[in-house]
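Take 1347 as the starting number for the sequence shown in my numbering and just add one per residue.
Single-structure report; data block below.
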Amino acid sequence: MTKGEKKMNKKLYDAVFGLAIGDALGVPYEFKSRGSFVCKGMAGYGTHDQPAGTWSDDTSMAIATAKSIKDNEGRIDLHDIRSNFLRWMKDEEFTATGEVFDIGIATGRALMSGRPRTGERDNGNGSLMRILPLAFTDASDEEIRAVSAITHGHEISMKACQIYVHVARRLLAGEAIRDILPDLEYNKPFDRLQRLDQLAEEDISSGGYVVDTLEASLWALLNGSDFEDTVLTSVNLGSDTDTTGAVAGGLAGIVYGLDSEFAGACMDQLQGREVIEECLW
């Protein structure tokens, strides 16, 4: 293994565990409105009545994706990824505590039927939250879109995943988010990405719509000063706290790593760490 490969593996570790930390931080506050709570660190119970450090479907599906990539030596095997998703949903594999306690409506319907959801109203963030491992492969845009379309096959969802993977790859290459954003020239509904630096918190929505999650996560990274600041900012936006935390946390892990005191404390409280580690390469 070369030095470059070792560095990439460390980045993958930081990215996926950053995602898991953001997810777990947000789990107790999911659906709570902005300003009705303050997340300062790992907390237990709350919305889903789970112990502190418990991650949800966001991390489960991300590591199920990573495990398939690992098992297929870097190749994207859609059937195998979907098989892992079914093992999660039906057999409760790839979970923090052996329990599936949160699954998106579109995701559940798509997996049960074997067909992606393609309606305008099916553009939740259920594929964006799990797509990050593809940034560590040479997956083409077509493959990124196809992995999204295992569950979310509308153009908006597939494009959001494509944009996110492109941003993650540029962050891995050492570019700063402030330099990346001006290059994100897309038509609606992605036209605000290029000017996120001009938007205040009140301009940012953080619900389950995939475009809102993409914007909120990139905005949190743009305005965060370190890993702690980024993930807490993302969770404290409220509403879909675990997914916004996960999507932002994965990018923050790439940018800042997990060597801080805050990240270390979160890692100490994270449930099921070995389950995540087994899926990484």
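Virtual Cβ for every residue (Gly too), placed ideally from N, Cα, C.
Val-1593 classed as buried or exposed, judged by whether at least 16 other C-beta atoms fall within 10 angstroms
buried
So, does the region 1416-1424 touch the region 1479-1496, judging by three or more C-beta pairs under 8 Å?
yes
Let me see if you follow: with CB-CB separation under 8 Å, is Gly-1392 close to chain D or not?
No chain D is present in this structure, which holds just one protein chain.
Taking 8 Å as the threshold (C-beta atoms), are Ser-1563 and Ser-1580 in contact?
yes
Rounded Cβ spacing between Arg-1461 and His-1498 (contact assumed at less than 8 Å):
That pair is no contact at about 11 Å.
From the DSSP output, which residues share a beta bridge with Arg-1463?
His-1498
Roughly how many angstroms separate the alpha carbons of Ala-1485 and Gly-1454, rounded to a whole number?
25 Å
For Gly-1364, I'd like the list of residues in its chain whose CB is within less than 6 Å of its CB, leaving aside the five on either flank, ordered along the chain.
Gly-1595, Gly-1596, Ala-1598, Gly-1599
Look at the alpha carbon of Thr-1348 and the alpha carbon of Leu-1358, and state the distance between them as a whole number of angstroms.
Note on Thr-1348: pLDDT 44, under 50, position unreliable in the model; the coordinate value appears next. Cα to Cα, the separation comes out at about 15 Å.
Return the first residue and the last residue of the alpha helix (DSSP H) that Tyr-1602 is part of.
1587-1602
What did DSSP end up calling Gly-1368 once you bin it into helix, strand or coil?
helix
Note down the Cα distance separating Ala-1361 from Lys-1505, rounded to an integer number of angstroms.
21 Å
In angstroms with no decimal places, state the Cα-to-Cα distance between Gly-1610 and Leu-1616.
10 Å
Evaluate Asn-1430 with the Cβ neighbour count: other Cβ atoms within 10 Å of its Cβ, from every protein chain shown; 16 or more gives buried, anything less gives exposed.
buried
Whole-angstrom distance between Leu-1457 and Lys-1436, CA atom to CA atom
10 Å
Following the continuous alpha helix (DSSP H) through Thr-1576, name the residue where it begins and the one where it ends.
1573-1581
Own chain residues within Cβ distance below 7 Å of Glu-1445, not counting five before or after
Glu-1438
Could you work out which residue in Met-1613, Val-1577, Arg-1619 is closest to Glu-1384 when comparing CA atoms only?
Here residue 1384 is Val; the residue named in the question, Glu, does not match the sequence. Answer by Cα proximity: Val-1577.
Compute the distance between the beta-carbons of Gln-1540 and Leu-1527, then report whether it is under 8 Å.
yes
State the Cα-Cα distance for the pair Glu-1489 and Glu-1466, rounded to the nearest angstrom.
21 Å
With a floor of 4 residues, list each alpha helix (DSSP H) that falls wholly inside the region 1377-1434, ordered by position along the chain.
1403-1417
Residue interval of the alpha helix (DSSP H) (run including Arg-1541)
Arg-1541 -> no alpha helix (DSSP H), and no H or E assigned at all.
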